[in-house]
């Protein structure tokens, strides 16, 4: 253990700690804000740690008109989205992972290109179309556009997940008498289940966080982010802080649960091959 | 699979296409159709083809500000993110004890919505927010500074940059960490045998090998940075207008899907142009597309 080595390690830890604090402190601060008594938020000079923590701000937020309803809407839309997304995307992911077929690369390229579409380009024309289809201002309508936004990720993620399940196992099941579908349902699916659950949570987070399309496609049936952004100019600071805190809560929880799968989602496409 | 279903689906050669079908239909209805519809809305009025909506967009008082700020945000935020993410990835890659733990911490903002990030940083930059409180406690100021106001448009701009930098660096970091893991150990060992250590190794060996990942990160981040919307709205309101925000206002407040579509089409064209620029000037096409 030379002097240089120790110096190097110290520097690395100092840099890493600084960056970690940069990431963590804002999250801590919104937490403090959400539990600061309301009138203390408007004091000058304001102390960084409030005199006491209170549930007042959160209670005000949850009691405000439309919040609980939009909260429930958000959950419904997110659950619909993850159902649609996996139902549509997982079979495609399985096909890309298992079969070599004509047009496979073209399909993968097409999926990647759809990721580059600006949300506005989908949401604005769909608002017009949805009025005609009777889907405007409905939760299913919002869930459908969220599905469109999550689908490229879902296909890429599930491709990675099914590639991680050895093909040999399915083939063995088939030689032992399983049908093609039976081999999938009894062998591949159970092995892929944790990965699929992670993909489902990731899809949930995409939907839970999405604001542009949700705000444009709804009037009365708003999701939480849509409710917050459409009332933002008129709402007091404490409402906004509590809203921000509430929005990140499930997202952080889910990201923690699926942390091992992060690379399937973002790095996976490169790491795969 | 029973016999009848098997006949219906054809043999295994057709199976993958059946599996792709739902996704293809979905892409057709929810990507291609809106794309054509948006172009239609932007260029066609009651009397056929027209450029009136684009003229209306360009003659809007906020249009050039929105264009300016959209580009300024992108060219400020993206390089900052790449540099920060590169530092994170290289630090994590140095393999110190607990690097896995820090990887998860660095990745946390991945789950945070742009709107939520805007609100988080609002608690810092607002008039009686944490930044002013800290500066006061340190005795640097005695009256709060209005960071988010028309009088301090530069501060407002920097506030949005700080929030976006904080929120979206994690995506770049994950892409770069994945890229670093793919670099073969042989290259690194060879480099060390030949005497490249420390900064030299990073500059002459690691960075060139990381180029495909850097390109992907640049493209993805630039495209999303051009769409910055909720962070701006939460922090700056209309002080620093952006293109995606204008599309939102034209659709949501002014109820004019034609002009809103014109903005959306403009955003798409800019995104395609930027991607083309990256592909043209950074090379190694296939790898970028892979990502």
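Protein chains in written order, with my numbering: chain B, 1 to 273; chain L, 1001 to 1291. Glycine included, C-beta positions come from ideal geometry on N, C-alpha and C.
Asked: Around the Cβ of residue 277(B), are there at least 16 other Cβ atoms within 10 angstroms (buried) or fewer (exposed)?; Found: Nothing can be reported for residue 277(B), as the shown portion of chain B is limited to 1 through 273.
Asked: Using a Cβ cut-off of 9 Å (strictly closer), state whether residue 173(B) contacts chain L.; Found: no
Asked: Between which two residues does the alpha helix (DSSP H) carrying residue 25(B) extend?; Found: 3 to 34
Asked: Residue 44(B) to residue 13(B), Cα distance in whole Å?; Found: 37 Å
Asked: Note down the Cα distance separating residue 167(B) from residue 1019(L), rounded to an integer number of angstroms.; Found: 17 Å
Asked: Is the CB of residue 61(B) under 9 Å away from at least one CB in chain L?; Found: no
Asked: Nearest to residue 48(B) by CA position, among 1172(L), 1156(L), 1189(L) and 1124(L), is which residue?; Found: 1124(L)
Asked: Using a Cβ-Cβ cut-off of less than 9 Å, give me the residues of the stretch 1116 to 1136 of chain L that come near chain B, in sequence order.; Found: 1116, 1117, 1118, 1119, 1120, 1121, 1122, 1123, 1124, 1126, 1127, 1128, 1129, 1130, 1132, 1133, 1134 and 1136
Asked: When you compare only the Cα positions, how much space is there between residue 1097(L) and residue 1103(L)?; Found: 12 Å
Asked: From residue 1192(L) to residue 1185(L), what distance separates their C-alpha atoms?; Found: 11 Å
Asked: Using beta carbons (cut-off 9 Å, strictly below), is residue 1140(L) in contact with chain B?; Found: no
Asked: Is DSSP giving residue 66(B) helix, strand or coil here?; Found: coil
Asked: For residue 1232(L), collect the residues of the same chain with a Cβ closer than 7 Å to its Cβ; drop the 5 residues on either side in sequence, then sort them by chain order.; Found: 1160, 1240, 1242 and 1245
Asked: Any C-beta of chain B within less than 7 Å: which residues of the stretch 1169 to 1184 of chain L qualify?; Found: 1171, 1174, 1175, 1177, 1178, 1179, 1181 and 1182
Asked: According to DSSP, residue 1049(L) sits in a beta bridge with which residue or residues?; Found: 1044(L)
Asked: In the stretch 194 to 217 of chain B, which residues sit with their C-beta less than 8 Å from some C-beta in chain L, listed in chain order?; Found: 205, 208, 209, 210, 211, 212, 215 and 216
Asked: Output needed for residue 227(B): all residues of its chain with C-beta closer than 6 Å, excluding positions within five of it in sequence on either side, in chain order.; Found: 66 and 70
Asked: Using the C-alpha atoms, what's the distance from residue 72(B) back to residue 1210(L)?; Found: 44 Å
Asked: On the three-state DSSP scale, how would you describe residue 46(B)?; Found: coil
Asked: Can you tell me whether residue 171(B) is buried or exposed, with buried defined as 16 or more other CB within 10 angstroms of its CB?; Found: exposed
Asked: Which whole-angstrom value describes the C-beta separation of residue 216(B) and residue 1252(L), a residue pair presumed to lie in contact below a C-beta threshold of 8 Å?; Found: 6 Å
Asked: Where does the unbroken alpha helix (DSSP H) through residue 104(B) begin, and where does it stop?; Found: 104 to 114
Asked: For residue 206(B), name the three-state secondary structure that DSSP assigns.; Found: helix
Asked: Along the alpha helix (DSSP H) that carries residue 1162(L), what are the first and last residues, could you check?; Found: 1153 to 1182
Asked: Let's see if you can read the secondary structure: which residues bound the alpha helix (DSSP H) around residue 1060(L)?; Found: Premise fails: residue 1060(L) is in no alpha helix (DSSP H) and is neither H nor E.
Asked: Using a beta-carbon distance below 9 Å, is residue 1105(L) in contact with chain B?; Found: yes
Asked: I'd like to know if the stretch 108 to 119 of chain B and the stretch 182 to 190 of chain B are in contact, where contact means that at least 3 CB-CB pairs between them fall below 8 Å.; Found: no
Asked: For residue 1132(L), count neighbouring C-beta atoms within 10 Å of its own C-beta (all shown protein chains included) and say buried if the count is 16 or more, exposed if not.; Found: buried
Asked: Starting from the C-beta of residue 1112(L), find all residues in its chain whose C-beta is less than 8 Å away, skip the five residues before and the five after it, and write them out in chain order.; Found: 1120 and 1167
Asked: In three-state DSSP terms, what is residue 233(B)?; Found: coil
Asked: Are the beta-carbon atoms of residue 126(B) and residue 1265(L) separated by less than 9 Å?; Found: no
Asked: Would the stretch 136 to 155 of chain B and the stretch 200 to 207 of chain B be scored as touching if the rule is three or more Cβ pairs under 8 Å?; Found: yes
Asked: Beta-carbon within less than 7 Å of residue 1052(L)'s beta-carbon, same chain only, minus the 5 sequence neighbours each way: which residues are those?; Found: 1045
Asked: Residue 1207(L) to residue 159(B), Cα distance in whole Å?; Found: 29 Å
Asked: Please list the partners that residue 23(B) has in chain L, where partner means a Cβ-to-Cβ separation under 7 Å.; Found: 1105, 1106, 1108 and 1109
Asked: Are the beta-carbon atoms of residue 1106(L) and residue 1090(L) separated by less than 9 Å?; Found: no
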